[in-house]
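Notes to accompany the following structure.
In the working numbering, the protein residues as written are 1 to 268.
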């Protein structure tokens with residue numbers, strides 16, 4: 001399978017690194033306008049690199065768009081007349097829907113993916129959707145690519161990608177925010193600075209692993225930790241009184257609304 005990456009940034013390099021380290025055979029090329037990025041990729045991976053997008057996509061089976069949404073129109077103008085019926089577009093651009101990509105590139109073979117940052121270490125979760133015109137072979141190749149980045153979930157309707165964006169796409173930032181404040185509080189109450197990070201991270205990772213290996217719900221596990229009249233109950237009651245739970249709900253819904261807005265903006 002011949003794969004070309006348009007854009008050689010952090011996510012592209014994470015995918016490339018995982019692919020090279022896997023047992024799957026992919027022939028990889030990369031196009032990026034920045035010389036330092038091209039040199040970095042060439043040195044790190046010993047791959048063909050170029051700044052010519054139209055040259056890069058020749059004979060490729062999968063064209064993976066690893067670019068910022070605001071750069072899409074420029075790239076589309078460069079490659080729209082070069083895409084063949086045998087090629088499939090794979091987009092990891094946030095906020096740009098399949099219809100917009102299809103119109104700009106004059107193709108119906110499109111796969112839209114929403115990965116998240118833990119994919120950089122092979123622990124991600126990617127939500128994706130494809131058009132009916134995408135071949136089984138291309139879908140299988142994408143599943144293999146996403147498999148080396150972590151887990152993947154295929155949705156049968158594109159509308160779920162915007163929903164997943166608010167949960168899994170933005171989710172790591174929510175977790176990092178919670179960790180950030182736990183560490184700040186730990187410092188405020190007097191924990192040694194060199195111990196706080198380890199204490200917090202192991203608490204989070206251990207709790208997640210416990211949940212993953214349990215048949216109990218998060219609510220059930222929370223109640224098992226929360227003894228009546230104890231420290232946990234005091235802390236949780238205070239959080240609820242200060243609208244901790246409502247802030248989470250409102251925040252996720254706001255992220256979802258913004259994801260839909262971005263998709264709708266690209267339609268106009």
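Every residue, glycine too, gets a C-beta built ideally from N, C-alpha and C.
Along the length of the stretch 18-86, whole alpha helix (DSSP H) runs at least 4 residues long occupy 35-45, 53-56, 72-79, reported in chain order. Secondary structure note for residue 150: its beta strand (DSSP E) is the uninterrupted segment 150-154. Between the stretch 3-16 and the stretch 126-137, the count of C-beta pairs closer than 8 Å stays below three; the two stretches do not touch.
Here the C-alpha atom of residue 102 lies approximately 31 Å from the C-alpha atom of residue 36. For residue 1, there is no enclosing alpha helix (DSSP H), as DSSP marks it with neither H nor E. DSSP, read as helix, strand or coil, puts residue 252 in helix. In terms of Cβ geometry, residue 78 and residue 45 do not form a close pair [threshold 9 Å]. Here residue 102 carries a helix assignment [DSSP, helix/strand/coil].
Beta-bridge partners assigned by DSSP to residue 185: none are found. Of all C-beta pairs linking the stretch 153-160 to the stretch 190-202, fewer than three are shorter than 8 Å, placing the two stretches out of contact.
Within the stretch 118-167, the runs of beta strand (DSSP E) at least 3 residues long that lie entirely inside it are, in chain order, 124-130, 150-154. Taking residue 226 as the centre and dropping the five residues before and after it, the same chain places the C-beta of 232, 233, 236 closer than 7 Å to its C-beta, in chain order. Separation of the CB atoms of residue 66 and residue 11 is rounded to 6 Å, and the pair is thereby assigned contact status at 8 Å.
Proximity of the stretch 83-93 to the stretch 17-35 falls short of the contact definition, fewer than three beta-carbon pairs being nearer than 8 Å.
Taking the Cα positions, residue 175 is about 34 Å away from residue 42. Beta-bridge analysis with DSSP links residue 89 to 63, 110.
If the five residues before and after residue 47 are omitted, its C-beta is found closer than 8 Å to the C-beta atoms of 16, 28, 29, 30, 41, all from its own chain and listed in chain order.
Counting every other CB atom within 10 Å of its CB across the protein chains shown gives residue 132 a total below 16, marking it as exposed. Residue state for residue 203 is assigned as helix, using DSSP reduced to three classes. According to the DSSP assignment, residue 237 belongs to the alpha helix (DSSP H) that extends over 231-241.
Selection 75, 187, 116, 81 evaluated against residue 94 yields 116 as nearest (Cα-Cα). A direct Cα-to-Cα measurement between residue 222 and residue 76 gives close to 49 Å.
With distances taken between CA atoms, residue 147 lies nearest to 121 out of 170, 182, 121.
Inter-residue distance for residue 96 and residue 90 is about 12 Å (C-alpha atoms, whole angstroms).
Annotated three-state conformation of residue 9 is coil, per DSSP.
Residue 223: member of the alpha helix (DSSP H) spanning 218-225, first to last residue. Put simply, of 18, 257, 219 the residue whose alpha carbon is nearest the alpha carbon of residue 118 is 18.
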